[in-house]
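Number 39 in the UniProt record's numbering belongs to position 39 of the sequence shown; there are no gaps in the numbering.
We put the CB at the ideal spot given by N, CA and C, even for glycine.
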Amino acid sequence: MVKIDTIELPDFPLLLAPMEDVSDPPFRALCKEQGADVVYTEFISSEGLIRDAVKSTMKLDIYEKERPVGIQIFGANLESMLQTVDIVTASKPDIIDINFGCPVKKVVSKGAGAGILKDVDLMVSLTAAMVKRTNLPITVKTRLGWDHDSIRIMEVAERLQDVGCKAISIHGRTRAQMYKGDADWGPIADVKNNPRMHIPVFGNGDVDTPEKAMKMRDEYGLDGCMIGRASIGNPWFFKQVKHFFETGEHLAPITIEERVEAAKRHLQMAIDWKGEILGVFETRRHYTNYFKGIPHFKEYRQKMVTSDASKDVFDAFDLVLKDFSDYQFKE
């Protein structure tokens, strides 16, 4: 069993990574149904939240069926982050996660996300203050370091643990790498194997097959796996990994009927939560992956991603089901 503070999780839990414009309530619900053990919200700007920005406050929406669920926040100003902790605590998530890893320029330029990797003392002091501010467990998601020459992840992990961080998720790249090259899980394993560490250490980066998840578990000995891009348009990935762990075999390919049904439910939940316009617009990014591999699909995909009315998108789903009912997906 793995524990984040008092939250009990199964052995080697699978966590849905916080992803901007992806891990909203509809998508989290689908991933939870398919085996995600912990889900996280999109990351929320502390400055946006204390200004009561609509987009930021919407991201606080969580539902009982998602639990355990973490709300992730980012920022670099102590007072803003403490105010944010108060607001987030009132939303009653199970976990508050701090984003010390986002590599995007607009975040980094403000000293937040991965930008704070240049100032480890600030990272630690912010975490310590936030731990004292709430009775909820504080966890951290970060990267190996700012660049190859400034990797201090062992020191960072120890110091964060020492001030009360209850778990750490580490992406196996530096900020300088962004998402290029291969993730290096070796330094993450070093953190896990450090005899001083006693909080869960989760790996993140490049886990896009059940075999890679098993490698992270068995060869690198990590406590769990945080899955991001591999789940976009593929909420079944969590179920696929767990099936592989249990049987050593791949789950049978997801059928066209299952894919259409999931796409329909995803869109309907998005409309129910965000309204027609945003629901239709913000769900488009998933459709390519829902139907990945189908030949001669351009015409159908175009209708899905250019239609502004949900009825037209639902009609496109029905047409896919009719025209590709015999299509067999490969593993």
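Counterpart residues of residue i in DSSP-defined beta bridges
{"i": "Asn204", "result": "His171 and Met226"}
{"i": "Asn99", "result": "Lys141"}
{"i": "Leu15", "result": "Val38 and Met226"}
{"i": "Val69", "result": "Val39"}
{"i": "Lys3", "result": "Glu8"}
{"i": "Phe324", "result": "BP columns for Phe324 are empty, so no partner."}
{"i": "Ser45", "result": "Phe74"}
{"i": "Ile151", "result": "Gly145"}
Supposed close pair residue i, residue j - CB separation, criterion 8 Å
{"i": "Leu144", "j": "Gly113", "result": "In fact, because the Cβ distance is near 14 Å, the residues do not count as touching under 8 Å."}
{"i": "Thr84", "j": "Ile73", "result": "5 Å"}
{"i": "Asp52", "j": "Pro25", "result": "Incorrect: roughly 20 Å between the Cβ atoms, too far for contact."}
{"i": "Cys165", "j": "Ile199", "result": "7 Å"}
{"i": "Phe238", "j": "Leu14", "result": "5 Å"}
{"i": "Arg152", "j": "Pro103", "result": "In fact, because the Cβ distance is near 17 Å, the residues do not count as touching under 8 Å."}
{"i": "Val280", "j": "Asp326", "result": "Incorrect: roughly 29 Å between the Cβ atoms, too far for contact."}
{"i": "residue 340", "j": "Val88", "result": "Residue 340 lies beyond the residue range present for the chain, which begins at 1 and ends at 331; the question has no answer from this structure."}
{"i": "Ile170", "j": "Thr139", "result": "At roughly 11 Å, the Cβ-Cβ gap does not stay under 8 Å, so Ile170 and Thr139 are not in contact."}
{"i": "Lys59", "j": "Ile44", "result": "5 Å"}
Residue i classed as buried or exposed, judged by whether at least 16 other C-beta atoms fall within 10 angstroms
{"i": "Gln302", "result": "exposed"}
{"i": "Ala90", "result": "exposed"}
{"i": "residue 334", "result": "Outside the shown range of the chain (1 to 331) lies residue 334, about which nothing can therefore be said."}
{"i": "His286", "result": "buried"}
{"i": "Gly233", "result": "buried"}
{"i": "Ala189", "result": "buried"}
{"i": "Ile277", "result": "exposed"}
{"i": "Asp223", "result": "buried"}
{"i": "Gly101", "result": "buried"}
{"i": "Lys330", "result": "exposed"}
{"i": "Glu42", "result": "buried"}
{"i": "Phe12", "result": "buried"}
{"i": "Phe27", "result": "buried"}
{"i": "Tyr290", "result": "buried"}
{"i": "Asn135", "result": "exposed"}
{"i": "Gly70", "result": "buried"}
{"i": "Ala263", "result": "buried"}
{"i": "Pro93", "result": "buried"}
{"i": "Ser109", "result": "exposed"}
{"i": "Gly203", "result": "buried"}
{"i": "Asp37", "result": "buried"}
{"i": "Met1", "result": "exposed"}
{"i": "Pro68", "result": "buried"}
{"i": "Gly228", "result": "buried"}
{"i": "Lys192", "result": "buried"}
{"i": "Ala252", "result": "exposed"}
Residue of the options minimising C-alpha distance to residue i
{"i": "Gly293", "options": "Arg67, Met58, Leu14 and Gln328", "result": "Gln328"}
{"i": "Arg196", "options": "Arg159, Ile98 and Glu8", "result": "Arg159"}
{"i": "Ala128", "options": "Leu117, Trp146, Leu82 and Ile73", "result": "Leu82"}
{"i": "Asn99", "options": "Asp149, Ser150 and Tyr40", "result": "Tyr40"}
{"i": "Lys242", "options": "Arg259, Lys180 and Thr209", "result": "Thr209"}
{"i": "Asn55", "options": "Glu20, Arg175 and Ala157", "result": "Per the sequence presented here, residue 55 reads as Lys, with Asn not at that position. The shortest Cα separation from Lys55 among Glu20, Arg175 and Ala157 belongs to Glu20."}
{"i": "Lys141", "options": "Asp147, Thr134 and Ile96", "result": "Ile96"}
{"i": "Val107", "options": "Val305, Lys212 and Met178", "result": "Met178"}
{"i": "Val120", "options": "Pro93, Glu155, Val104 and Asp147", "result": "Glu155"}
{"i": "Leu78", "options": "Ile71, Pro93 and Glu47", "result": "Glu47"}
{"i": "Pro235", "options": "Pro10, Ser109, Ala17 and Val313", "result": "Ala17"}
{"i": "Glu246", "options": "Asn193, Thr306 and Met214", "result": "Met214"}
{"i": "Asp184", "options": "Ser231, Gly248, Asp315 and Asp206", "result": "Asp206"}
{"i": "Val124", "options": "Ala36, Gln161, Ala167 and Met216", "result": "Gln161"}
{"i": "Phe297", "options": "Pro137, Asp94 and Phe317", "result": "Phe317"}
{"i": "Val260", "options": "Ser150, Glu282 and Phe324", "result": "Phe324"}
{"i": "Asp147", "options": "Ser169, Lys118 and Ala167", "result": "Lys118"}
{"i": "Ser310", "options": "Gly275, Lys322 and Thr288", "result": "Gly275"}
{"i": "Thr255", "options": "Leu321, Met304, Ala29 and Val22", "result": "Leu321"}
{"i": "residue 351", "options": "Val22, Arg229, Asp5 and Asn194", "result": "Look at the range of the chain in this structure, 1 to 331, and you will see that residue 351 is not part of it."}
{"i": "Glu282", "options": "Ile4, Val22 and Leu9", "result": "Val22"}
{"i": "His250", "options": "Trp273, Glu211, Cys225 and Leu267", "result": "Glu211"}
{"i": "Val313", "options": "Pro295, Gln268 and Asp272", "result": "Gln268"}
{"i": "Glu8", "options": "Lys59, Pro137 and Ile44", "result": "Pro137"}
{"i": "Leu319", "options": "Ile4, Gly228, Glu257 and Pro68", "result": "Glu257"}
{"i": "residue 337", "options": "Asp149, Lys105, Gly75 and Ser150", "result": "The chain is shown only over 1 to 331; residue 337 falls outside these bounds and no answer can be derived."}
{"i": "Gly35", "options": "Thr288, Gln240 and Glu299", "result": "Gln240"}
{"i": "Asp5", "options": "Pro187, Val201 and Gly181", "result": "Val201"}
{"i": "Val305", "options": "Gly186, Arg284 and Arg265", "result": "Arg284"}
Cβ-heavy atom distance, residue i to the ligand ZN, below 7 Å
{"i": "Glu42", "result": "The ligand ZN is not part of this structure, which contains no ligands at all."}
Original post:
Which parts of the segment 240-286 are runs of the alpha helix (DSSP H), unbroken and 4 residues or longer, counting only runs that do not cross its ends?
Top reply: 256-274 and 276-282
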